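Visitor:
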Amino acid sequence: MRKTLLERVLSISESRDVEEAVKLQKELSRHITLNDKFSELKLIAGVDLAYDKEQCFCAVVVIDAESMKVVETVFSQMKITFPYIPGLLFYREFPPFISAYKKLKVNPDLLIFDGQGLSHQRMMGIATMAGIILGKPTIGCAKSHLYGEYQMPEDRKFSASELKVKNNVVGYVFRSKENVKPIFISTGYRVSPESALEIAKKFITHYKLPLPTHLAHQACEKFKKERI
DNA sequence: GCGACAG
DNA sequence: ATCTTGTCGC
Numbered sequence: 377m378r379k380t381l382l383e384r385v386l387s388i389s390e391s392r393d394v395e396e397a398v399k400l401q402k403e404l405s406r407h408i409t410l411n412d413k414f415s416e417l418k419l420i421a422g423v424d425l426a427y428d429k430e431q432c433f434c435a436v437v438v439i440d441a442e443s444m445k446v447v448e449t450v451f452s453q454m455k456i457t458f459p460y461i462p463g464l465l466f467y468r469e470f471p472p473f474i475s476a477y478k479k480l481k482v483n484p485d486l487l488i489f490d491g492q493g494l495s496h497q498r499m500m501g502i503a504t505m506a507g508i509i510l511g512k513p514t515i516g517c518a519k520s521h522l523y524g525e526y527q528m529p530e531d532r533k534f535s536a537s538e539l540k541v542k543n544n545v546v547g548y549v550f551r552s553k554e555n556v557k558p559i560f561i562s563t564g565y566r567v568s569p570e571s572a573l574e575i576a577k578k579f580i581t582h583y584k585l586p587l588p589t590h591l592a593h594q595a596c597e598k599f600k601k602e603r604i
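Letter by letter, the first sequence follows residues 377 to 604 of the working numbering.
Structure representation (C-alpha cells):
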C-alpha cells in the first residue's frame, strides 16, 4: 500500500528530513488557489500551540459564527519532533494539531492557524499546507511578518494594507486595535485574501487576535500549566 | 557575504 | 515559542 499524504507528512516530521520537507511543499504548491471555495461558514476553529522543554501542547477551539460561543474544545500533548525552522513551521506543529483535531466531534467549516498562509517563501505556510491536507478552507493569522511586501497600515482600528508576494495580493497587514502592532492575515486554502480579512475582522471583539485564535491561545496555555 | 527569519 | 514585574498609556 502506498503512503497517504498524511503519512508522508508525519514521516517527514518524525525523521526531521528538511530536504523532503521542502520538496513536499513544492510538490503540493500546485494546489494553491486564491479563490473562495466554500458554502456556509457556521463553525470556525482556532488553533494554537504551547511548548515546554521536549513537550508541546495543542488546543483547537471551535466557535459558532452565529452566537460567537464555543462549541467544542480539544487538546493534545506529545513530544516535540521537528525543530523550529522559518518556512517549515508546518512540520513542527502539524502532528500535535492533527492529534487534537481528530478528537473533535463537530466538523469545522474553516480553520484559522497561528502563522502564515500564502505569505511564505514557497507560498506554503502552515495554514496552506494544513488546508490542502484537510481539504478544508483555512486562513493564516500571524502576529509577525515572515515573507512578502507591505506598507505599515495606519494606526487606527481596522486599517489594513496589502500583503504581496511577487506582486500578487495574498493577504493583508491588519490593525485589529489602535496602538497595537498589526496582525498578518493571509489566504490559507480556498479562501480569498479579501474573504480572509473579512472573516478575521468579523471575529475581532476586544482582543488583538480573532476570537477563535485568542481562545485557543488561552485554552492551550491553561492546558499546558495543568499538565506540567 | 549580509540581513531577515511564522512559532 | 519561552524567560519575566512593573509600568506607561489609550
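All C-beta atoms in this analysis are idealised placements derived from N, C-alpha and C, irrespective of residue type, glycine included.
The structure displayed is predicted, hence computed values, not measured ones.
1. Would you be able to state if there are at least three C-beta pairs under 8 Å between the stretch 524-535 and the stretch 584-604?
2. Which class does Tyr467 belong to by DSSP, given the choice of helix, strand or coil?
3. Could you spell out the range, first to last residue, of the alpha helix (DSSP H) harbouring Ala576?
4. Just grab the DSSP bridge partners of Ile488 for me.
5. Relative to the alpha-carbon of Ile508, which residue among Val398, Asp393, Ser405 and Arg392 has its alpha-carbon at the smallest distance?
6. Quick check: what's the CA-CA separation for Glu538 versus Met444?
7. Looking at C-alpha atoms only, which residue of Glu554, Ser562, Leu486 and Met505 is the closest neighbour of Leu522?
8. Considering only their Cβ atoms, is the gap separating Gln497 from Ala518 smaller than 7 Å?
9. Taking DSSP as the reference, what is the three-state secondary structure of Met499?
10. Have a look at Lys601, Leu585 and Val545 and flag the residue whose alpha-carbon is nearest the alpha-carbon of Pro569.
11. For Asp490 and Arg378, what's the separation of their Cα atoms in angstroms?
12. Output needed for Thr514: all residues of its chain with C-beta closer than 8 Å, excluding positions within five of it in sequence on either side, in chain order.
13. Does the ligand MN have even one heavy atom less than 6 Å from the beta-carbon of Gln594?
14. So is Arg603 buried or exposed if we call it buried at 16+ other beta carbons inside 10 Å?
15. Smallest Cα separation from Ile474: which of Glu448, Val556 and Met454?
16. Helix, strand or coil: how does DSSP classify Met528 here?
17. For a quick check, are the C-beta atoms of Ala609 and Asp424 less than 7 Å apart?
18. What does a CB cutoff of less than 8 Å around Asp531 pick up in its chain, not counting 5 residues either side in sequence?
19. Taking the C-alpha atoms as reference points, what is the distance between Glu395 and Pro462?
20. Quick one: is Glu469 buried, meaning 16 or more other Cβ sit within 10 Å of its Cβ, or exposed?
21. What does a CB cutoff of less than 8 Å around Lys418 pick up in its chain, not counting 5 residues either side in sequence?
22. From Ile420 to Glu403, what distance separates their C-alpha atoms?
Guide: Let's see:
1. no
2. Position 91 of the first sequence, counted from the first residue, corresponds to residue 467. Of the three classes helix, strand and coil, the one that applies to Tyr467 here is helix, per DSSP.
3. Taking the first sequence and counting its residues from 1, the one referred to as residue 576 is at position 200. For Ala576, the enclosing alpha helix (DSSP H) begins and ends at Pro569 to Lys578.
4. Residue 488 sits at position 112 when you count from the first residue of the first sequence. The partner list for Ile488 (beta bridge, DSSP) reads Gly422 and Ile515.
5. To locate residue 508, count along the first sequence from 1; it is residue 132. With distances taken between Cα atoms, Ile508 lies closest to Ser405.
6. Position 162 of the first sequence, counted from the start, is the residue given in the question as residue 538. Position 68 of the first sequence, counted from the start, is the residue given in the question as residue 444. Approximately 28 Å between the Cα atoms of the pair.
7. The residue labelled residue 522 in the question sits at position 146 within the first sequence. Nearest of Glu554, Ser562, Leu486 and Met505 to Leu522, Cα basis: Ser562.
8. For the purposes of this step, residue 518 is taken as the residue at position 142 of the first sequence. For the purposes of this step, residue 497 is taken as the residue at position 121 of the first sequence. No, the Cβ-Cβ distance between Ala518 and Gln497 is not below 7 Å.
9. Within the first sequence, residue 499 is the residue found at index 123, counting from 1. Reduced to three states, the DSSP call for Met499 is coil.
10. Position 193 of the first sequence, counted from the first residue, corresponds to residue 569. Closest by alpha carbon: Val545.
11. Here residue 490 corresponds to residue number 114 of the first sequence, with the count starting at 1. Here residue 378 corresponds to residue number 2 of the first sequence, with the count starting at 1. When rounded, the separation of the alpha-carbon atoms in Asp490 and Arg378 is 31 Å.
12. Mapped onto the first sequence, residue 514 falls at position 138. Beyond the five residues adjoining it in sequence on each side, Thr514 comes within less than 8 Å, by CB distance, of Leu486, Leu487, Ile488, Phe489, Gly493, Ala503, Thr504, Ala506, Gly507, Gly564, Tyr565, Arg566 and Val567 in the same chain, given in chain order.
13. By its list of ligands, the structure shown contains no ligand whatsoever, and the ligand MN lies outside what it can speak to.
14. As a working mapping, residue 603 is identified with position 227 in the first sequence. Result: exposed.
15. Walking along the first sequence from the start, residue 474 turns up at place 98. The shortest C-alpha separation from Ile474 is found at Met454.
16. Within the first sequence, residue 528 is the residue found at index 152, counting from 1. For Met528, the secondary structure class from DSSP, reduced to helix, strand or coil, is coil.
17. Because residue 609 is not part of the residues shown, which for the chain are 377 to 604, the question remains open.
18. Residue numbering aside, residue 531 sits at position 155 when the first sequence is read from its first letter. So the list reads Arg551, Glu554 and Asn555, once near-sequence residues are dropped.
19. One-based indexing of the first sequence puts residue 395 at position 19. One-based indexing of the first sequence puts residue 462 at position 86. For Glu395 and Pro462, the distance between alpha carbons rounds to 14 Å.
20. Taking the first residue of the first sequence as 1, we reach residue 469 at position 93. Buried, because 16 or more other Cβ atoms sit within 10 Å of the Cβ of Glu469.
21. Walking along the first sequence from the start, residue 418 turns up at place 42. Answer for Lys418: Asp440, Ala441, Glu442 and Asp485, listed in chain order.
22. Numbered from its first residue, the first sequence carries residue 420 at position 44. Numbered from its first residue, the first sequence carries residue 403 at position 27. Answer to the nearest angstrom: the Cα atoms are 28 Å apart.
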